[in-house]
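All remarks here apply to the structure that follows.
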Amino acid sequence: MGPDRGVEPLPVVLVHGVLGQELLYWNLVRARLETEGFQVLEAPLPRLALGRLTDAGVAFGDIIDALLDDVGAEQVDVVAHSAGGLAVRHALMQDGHRDRVRRLMTLGSPHGGTRLAHLVPGFGIAADVRPGSPFLAHFLDDPTPGPTCYSAFWTRFDGIVIPSELARLPSAPNVENVRLDRVSHWGYLYKPRVARVLADELRRGFVGGEREIVNGLFTPRSGTGADAVPA
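FYI, the numbering for the sequence shown is 39 to 269, going by our numbering.
Okay, structure coming up:
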């Protein structure tokens, strides 16, 4: 799937991770996107830290339906941090929600789990994000169902997703994995340059393949033959 540059802006839905009820969770990203002219919405997932990701996925499906009705839109782009990305993927496994999300951008989501989950009691979300868990296994047959495009952002400095490569998605025509340099798991939320990258990505549209963003430059690794371009 080739580059789709200059796409029509859609409302952007922000989906938090485990600590998502904090007031300041999305403040920097939201401010940047609104400054760039995007309509920004948030999808609060109640009790994500204490519940199961299947329940969070069902909740997201209900929330996205309500948000689309409220703003009179047929589709949105979604930016999801950490476990929030898994909740959105679970919702997209259901036929009724696949046409609702044009693009899902995940930031440090443990798509393959995280070994860190073995260090805490094995219930709730901790059980879901253990590598090889039953929850993660239900993605194996069709990890990234269309027509949604998936952009998985990951960093070698994550510190929560261990090993960091587990934040990547399996290769597919509608998937891109984008590595960021010098960003931690929480840096996705609080680094101004990440907020700028997200705004640029939403305007640029889905590209595909394996890419990295080093010192503000997009560098295709596979899937495209373009030279690096400013972020």
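Glycine residues also receive a C-beta, built at the ideal position from the N, C-alpha and C atoms.
Boundaries (first-last residue) of the beta strand (DSSP E) holding residue i
i: Glu250; result: Gly247 to Val252
i: Val51; result: Val50 to Val53
Check whether residue i and residue j have beta carbons under 8 Å apart
i: Leu48; j: Arg140; result: yes
i: Val216; j: Arg249; result: yes
i: His149; j: Ala190; result: yes
i: Gly243; j: Glu214; result: no
i: Ala169; j: Gly151; result: This sequence places Pro at residue 169; Ala is not what is there. Contact flag set, yes.
i: Leu71; j: Ala237; result: yes
i: Pro230; j: Pro208; result: no
Per-residue DSSP class, three states only, for residue i
i: Ala104; result: helix
i: Arg242; result: helix
i: Val139; result: strand
i: Pro57; result: Note that residue 57 corresponds to Leu in the displayed sequence, not to Pro. Three-state DSSP puts Leu57 in coil, outside helix and strand.
i: Thr144; result: strand
Proximal residues to residue i (C-beta, below 6 Å), its chain only, five neighbours per side dropped
i: Arg68; result: Val78
i: Val51; result: Leu79, Ala81, Val114 and Val116
i: Leu105; result: Leu79
Contacts around residue i, its chain only, beta-carbon distance under 8 Å, and the 5 residues preceding and following it disregarded
i: Glu46; result: none
i: Ala125; result: Val53, Leu83, Leu86, Leu91, Ala94, Gly95, Ala97, Phe98 and Ala118
Sequence-distant residues of the same chain with beta carbon closer than 7 Å to residue i, five excluded per side
i: Ala164; result: Ala155 and Val158
i: Gly225; result: Val232
If we require 3 or more residues per run, which beta strand (DSSP E) segments fall completely within the segment 154–239? 187–193 and 213–218
Every unbroken beta strand (DSSP E) within the segment 60–136, with a cutoff of 3 residues, ordered by chain: 78–80 and 114–119
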